[in-house]
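Down below is the structure, laid out as structure tokens.
Chains as they are written, first to last, in the numbering used here: chain B, 1 to 254; chain G, 1 to 254.
So this is what it looks like as structure tokens:
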């Protein structure tokens, strides 16, 4: 079933209707060729998804009738934020797309001593707009009920300060050759907030690893091989799913 | 430390030397700008890696002196083969690169009822050559001692017949909504051979899932969200690393 993310304010509970605007209108009309009566899923981005029927298709908006709330929770039972050292080229596109598929709740791009990419304010705004679009499409495709938040680019110093907002803050560090992800996750339970920091192509300096340690981050190795920067976050998210989704406990409608 | 894969026959134990030919010569001379005396790691592709010193650089070959065998085993403790339904575009390049980083021992491309890509014999040979090159480079980059084997493209019927060569044969099936990867892996121990089959973009038909079941494959869900075909193998490999590399038990030289 095709799903679209709308703003929470586009859902009118009183009128039992939802209004779709923007690029999704073109997708509904031109790509999917839906007609009034066809069913689509609309999600409000805060975790609520509804089965709806298309009522009216106009040039710039599609109106749907709410039919029923969908209880098919595919979100990870823990909140995972990936802080990603800005990589070169279009690797961040891949990380945003795959990170969304794999259940990340938020992504924070950051710069550190070995960051090569330079983004001025205008370029940064454009990239963030692009990444948000990729996250929305990947959320629709992977049947999520939430679109991950993508923040502005933080500096290394800014990033270090947010460790205490999380129950577990990990630093993927190539120099860590003993402590595995398993050793941190194996006994964790409950609705935790986890932050995983992944460096840019060159990784972290020993000094940065020490600063992160002092700020409350724990160094972790992600398996036994050297992963490229764009693979590390996907490894961490897959393992977190493996650990916290051991049992499929909610089978909902789809 | 830069590493290169050579053929086993390029290593001469009696003379304690190794000969590098082909494209790696250009990489050594032009990209890395190495000179005689510089150290590089040479791996023979069967699991043996050596610290070597460059002795002589010629136009079309580089001769190195073996210094010592390296005991830094970064291979997964289980043998994992990924059978991948041929995806569209250059997605297989990504799967080969990331699958190699994540420790796959072998990759088998295959076609099934929902395969869209058509490769004639000539195109197939070219692609396999390309994928082998990507696997070699990714093995070097991720510090592996083995380059994954990439087989020719199998048909669905051929693929079904190989299940009994493995200790565990899994089918990543979107229709499986109960049994997790964890439930199959949690109690496994030892040097096992695992096969994971991932379908092309459209997944498998119910009929194919039934045929796979009859052939000895077990259906498995890979987390709670719908993964794109190119993400599924990476999820499975990451989880296998998480499960079987819980403890870092061999810390070698690097």
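We put the beta carbon where it would ideally sit given N, CA and C, even for glycine.
query	result
Cross-chain neighbours of residue 227 (chain B) in chain G, by beta carbon under 8 Å	101, 102 and 142
Residues within the stretch 196–230 of chain B neighbouring chain G, beta-carbon criterion of under 9 Å	221, 222, 223, 224, 225, 226, 227, 228 and 230
Residue 107 (chain B) beta carbon less than 8 Å from that of residue 82 (chain B)	yes
Residue 250 (chain G) burial status per 10 Å Cβ neighbour count (16 or more: buried)	Below a pLDDT of 50, predicted positions are generally treated as unreliable, and residue 250 (chain G), at 42, falls in that range; the measurement from the model is reported next regardless. Exposed, by the Cβ-count rule.
Within-8 Å CB hit, residue 171 (chain G) to chain B	no
Euclidean distance between Cα positions of residue 180 (chain B) and residue 241 (chain G)	10 Å
Contact list for the stretch 58–79 of chain G against chain B, Cβ threshold 7 Å	74
is_contact[residue 107 (chain B), chain G] using C-beta, thresh 8 Å	no
Contact under 8 Å by Cβ, residue 132 (chain G) with residue 146 (chain G)	no
Residue 161 (chain G), enclosing alpha helix (DSSP H) - first and last residue	Segment: none, residue 161 (chain G) is in no alpha helix (DSSP H) and carries neither H nor E.
Cβ neighbour criterion (16 or more within 10 Å) applied to residue 1 (chain B)	exposed
Distance between residue 10 (chain G) and residue 66 (chain G) (C-alpha atoms, nearest Å)	12 Å
Classification of residue 99 (chain B) by the beta-carbon crowding that lies within 10 angstroms, buried from 16 upward	buried
Length of the line joining the Cα atoms of residue 169 (chain B) and residue 142 (chain B)	26 Å
Under 7 Å from the C-beta of residue 182 (chain B): neighbouring residues of chain G	242 and 246
Enclosing beta strand (DSSP E) for residue 62 (chain G) [first to last residue]	61–69
DSSP three-state assignment for residue 111 (chain B), whether helix, strand or coil	coil
Beta-ladder partner(s) of residue 193 (chain B), from DSSP	B:79
Where the beta strand (DSSP E) containing residue 3 (chain B) begins and where it ends	3–5
Listed by chain order, chain B residues near residue 239 (chain G) by CB distance under 7 Å	238, 239 and 242
Residue 227 (chain B), DSSP secondary structure in three states	coil
Chain B contacts made by the stretch 87–101 of chain G, where a contact means CB separation under 7 Å	98 and 101
Beta bridge counterpart(s) of residue 106 (chain G) as assigned by DSSP	G:81 and G:149
Minimum C-alpha distance to residue 70 (chain G) - residue among G:144, G:135, G:12 and G:246	G:144
contact_flag[the stretch 80–96 of chain G, the stretch 28–43 of chain G] where n(CB pairs < 8 Å) is 3 or more	no
Span separating the alpha-carbon of residue 205 (chain G) from that of residue 113 (chain G)	8 Å
Inter-residue Cα distance where the pair is residue 230 (chain G) and residue 214 (chain B)	38 Å
Beta carbon proximity, residue 154 (chain G) to chain B, threshold 8 Å	no
For residue 140 (chain B) and residue 15 (chain B), the rounded distance between their alpha carbons	25 Å
Residue 4 (chain B) at chain G interface by Cβ criterion, 8 Å	no
Proximity winner among G:13, G:128 and G:216, relative to residue 195 (chain G) (alpha-carbon distances)	G:216
Residue 130 (chain B): first and last residue of the uninterrupted alpha helix (DSSP H) it sits in	121–141
Rounded separation between residue 184 (chain G) and residue 236 (chain G) - CA only	12 Å
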